[in-house]
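Down below is the structure, laid out as structure tokens.
2 protein chains.
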Amino acid sequence: MRWSALAPGKRLRPALVMASCEALGCDPTHSLDVACAVEMVHCFSLIHDDLPAIDDDDLRRGRPTCHVKFGEALAILAGDALFALAFRVAANMKASAEARADAVSVLAGAAGTPGLVAGEVLDILAEGTEPNLEAVQQIHAWKTGSLISASCVLGGIIAGADAEQRQHLSEAGRWAGQAFQIADDVLNETSTADHLGKAVGSDREKSKQTYPALMGLEAAKAAGEECVERAVEHVQRLPGPKEALQSLIRYSVDRTL
Amino acid sequence: MRWSALAPGKRLRPALVMASCEALGCDPTHSLDVACAVEMVHCFSLIHDDLPAIDDDDLRRGRPTCHVKFGEALAILAGDALFALAFRVAANMKASAEARADAVSVLAGAAGTPGLVAGEVLDILAEGTEPNLEAVQQIHAWKTGSLISASCVLGGIIAGADAEQRQHLSEAGRWAGQAFQIADDVLNETSTADHLGKAVGSDREKSKQTYPALMGLEAAKAAGEECVERAVEHVQRLPGPKEALQSLIRYSVDRTL
């Protein structure tokens with residue numbers, strides 16, 4: 638659990654939780670527990686996705702993947718235990734009972750079906766099929782977008798967001814998630830394993846459905862930019878300090894890692 | 638998810654949730670959602686435990702196991718999705734926000750570390766080592782006892798149990814869980830695959846730490862009886878109709894399935 642959860646990473650999702658909390662005018666440290674819960678859900682999904690039966694990746698965040706280091710059995714169980722711990726942390730954080738139950742509901746909804754796990758299933762089923770824009774968008778919306786969108790909403794829950802603010806956070810996160818995934822696909826084509834800390838070119842080898850495979854590299858980059866614009870439009874409707882949240886959204890496509 | 642969760646099974650854990658709710662004088666149907674959540678956590682754990690990397694079992698509840706039917710990748714993800722759904726259902730059930738957050742906390746605590754997943758890890762690490770009573774009890778307490786004990790507590794949460802009642806439910810469940818696991822070990826030695834719907838003799842083949850391996854069959858059966866007595870002592874302190882809960886506890890050792 639520690640090997641994977643504490644590996645060097647961008648921590649984009651927990652940063653989004655805290656920046657979203659701040660964008661509503663609330664002290665971002667109040668959202669630290671649920672930010673950790675989101676990162677644990679993310680790490681659980683990385684551990685399981687890297688398993689030999691799924692993506693069979695050996696390298697993650699510059700380290701051997703969990704199953705390479707500890708064996709498949711312990712990797713499956715480490716993922717399961719991180720997933721359980723995420724919900725325990727969210728259910729016990731310092732917040733009203735209403736906020737805690739709400740946070741668990743949002744987190745579980747984003748992680749399951751429809752959501753992260755459902756997206757992984759679609760991704761597996763789509764391998765080797767003809768690239769198709771609608772299919773790619775659905776895969777990304779579930780596999781990446783749902784947890785990124787949930788991250789923004791969870792920061793809002795801690796800050797006591799009303800329904801309209803929550804909707805803006807959800808939409809901002811949804812567009813940021815799409816931008817992030819496009820950048821991820823682009824980096825998988827253009828970067829090096831040494832720089833990324835994970836295998837590159839692996840998507841193409843497996844004929845995965847990606848934006849570059851579908852529309853070419855340059856058009857994919859432009860689509861990423863457009864997603865960032867839309868996300869920022871929603872952020873601008875929020876009442877608190879928005880700099881951190883806007884920078885994170887920009888970073889989701891500008892990053893080289 | 639449906640293949641595994643809706644397979645014919647005893648549904649002991651959800652029945653314990655509902656009987657515990659009733660034993661506090663509350664309508665047991667009020668606990669139906671959280672009872673389903675417990676069964677989903679149980680099924681998630683069966684799917685993952687049966688995987689080739691862990692117990693490598695082909696038969697469960699009289700059917701091919703999830704990975705035999707759908708492949709390893711989908712089995713891992715079906716387990717993950719059932720786990721997520723369990724928390725979503727518990728967080729959204731008809732109950733106060735306090736009860737919903739509390740239920741998620743109890744369920745996540747019982748499922749993770751320490752709890753069900755931690756017990757599975759200990760079980761794996763203990764394979765092939767010398768049988769040892771303390772180790773066996775710790776494995777059982779986590780792997781089986783924690784979710785069975787949580788089932789009783791969760792029924793109590795729905796019924797608004799006070800701290801003392803909750804403690805009796807927790808203890809009753811803990812002893813019932815130990816009785817249940819002893820009976821499971823005994824049946825693995827004495828029954829047939831055709832009758833149980835899963836492989837038999839598999840524990841001994843893998844040199845798993847079991848009560849019969851440790852103390853012999855007859856002494857193991859007597860130990861199971863003693864656990865039932867202790868569980869029933871705690872149940873007798875509860876204020877509502879106790880017949881269903883007592884029968885279920887008795888059944889945990891008298892069962893032939």
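So the sequences go chain by chain: A and G. At position 75 of the first sequence (counting the first as 1) the number is 712 in this note's numbering, and the numbers step up by one without a gap. At position 167 of the second sequence (counting the first as 1) the number is 804 in this note's numbering, and the numbers step up by one without a gap. Idealized CB from N, CA, C, for every residue including glycine. As the structure is a prediction and not an experimental result, all values here were calculated from the model.
- In the displayed model, residue 737 (chain A) falls within a helix according to three-state DSSP.
- Fewer than three Cβ pairs drawn from the stretch 728-746 of chain G and the stretch 757-776 of chain A lie within less than 8 Å of each other, which leaves the two stretches out of contact.
- The shortest CA-to-CA distance from residue 834 (chain A) to any of A:698, A:639, A:676 and A:663 is the one to A:698.
- Contacts with chain A at 8 Å (Cβ-Cβ) include residue 725 (chain G).
- Contact between residue 715 (chain G) and residue 684 (chain G) holds: their C-beta atoms lie close to 6 Å from each other, under 8 Å.
- When only Cα atoms are considered, residue 879 (chain A) and residue 864 (chain G) end up about 59 Å apart.
- Each residue's CA atom was taken as its position, placing residue 811 (chain A) and residue 710 (chain G) some 26 Å apart.
- Note that the C-beta distance between residue 861 (chain A) and residue 814 (chain A) is not below 8 Å.
- Interface with chain A (8 Å Cβ-Cβ cutoff): residue 781 (chain G) is excluded.
- Taking C-beta atoms as the reference points, residue 761 (chain G) and residue 688 (chain A) fail to come closer than 8 Å.
- When CB distances to chain G are screened at a threshold of 7 Å, not a single residue of the stretch 790-804 of chain A falls below it.
- DSSP, reduced to helix, strand and coil, places residue 643 (chain A) outside both helices and strands of the structure shown, so it counts as coil.
- If the five residues before and after residue 850 (chain G) are omitted, its C-beta is found closer than 6 Å to the C-beta atoms of 768, all from its own chain and listed in chain order.
- For residue 876 (chain A), the three-state secondary structure derived from DSSP is coil.
- Residues of the stretch 754-775 of chain A whose Cβ lies closer than 8 Å to any Cβ of chain G, in chain order: 754, 755, 757, 758 and 761.
- Shown in chain order are the members of the stretch 681-694 of chain A whose Cβ falls below 7 Å from a Cβ of chain G: 685, 688, 690 and 691.
- Residue pairing by DSSP places residue 701 (chain A) opposite A:696 in a beta bridge.
- By the rule that beta-carbons nearer than 8 Å mark a contact, residue 814 (chain A) does not touch chain G.
- The beta carbon of residue 653 (chain G) does not come within 8 Å of any beta carbon belonging to chain A, so the residue lies off that interface.
- At a cut-off of 8 Å between beta-carbon atoms, residue 707 (chain A) makes no contact with chain G.
- Contact with chain G is absent for residue 826 (chain A), since none of that chain's Cβ atoms lies less than 8 Å from the residue's Cβ.
- Here the alpha carbons of residue 886 (chain A) and residue 791 (chain A) stand approximately 16 Å from one another.
- In terms of beta-carbon proximity, residue 722 (chain A) lines the interface with chain G, with at least one pair separated by less than 8 Å.
- DSSP places residue 812 (chain A) inside the alpha helix (DSSP H), whose first and last residues are 800-827.
- Within the same chain, 698 and 699 come within 7 Å of residue 645 (chain A) by CB-CB distance, once the 5 residues on both sides are set aside.
- With the rule of 3 Cβ pairs closer than 8 Å, the stretch 656-667 of chain G counts as touching the stretch 784-803 of chain G.
- Residue nearest to residue 765 (chain A) within the set A:657, A:846 and A:674 is A:846 (criterion: CA-CA distance).
- In the three-state reduction of the DSSP assignment, residue 764 (chain A) falls in the coil class, being assigned neither a helical nor a strand state.
- By the 16-neighbour rule on beta-carbons within 10 angstroms, residue 708 (chain G) is exposed.
- Secondary structure note for residue 682 (chain A): its alpha helix (DSSP H) is the uninterrupted segment 669-686.
- Residue environment: residue 891 (chain G) is assigned as exposed (fewer than 16 neighbouring CB atoms within 10 Å of its CB, all protein chains considered).
- Comparing alpha-carbon positions, the option among G:639, G:671 and G:705 lying closest to residue 681 (chain G) turns out to be G:639.
- Taking 8 Å as the cut-off, the Cβ atoms of residue 785 (chain G) and residue 650 (chain G) count as close.
- Look at residue 648 (chain A) here: in three-state DSSP terms it is coil, with no helix or strand label.
- Measuring C-alpha to C-alpha distances from residue 643 (chain G) to each of G:678, G:788 and G:805 identifies G:678 as the nearest.
- Among the residues of chain G, none has a CB under 9 Å from the CB of residue 671 (chain A); the nearest is roughly 12 Å distant.
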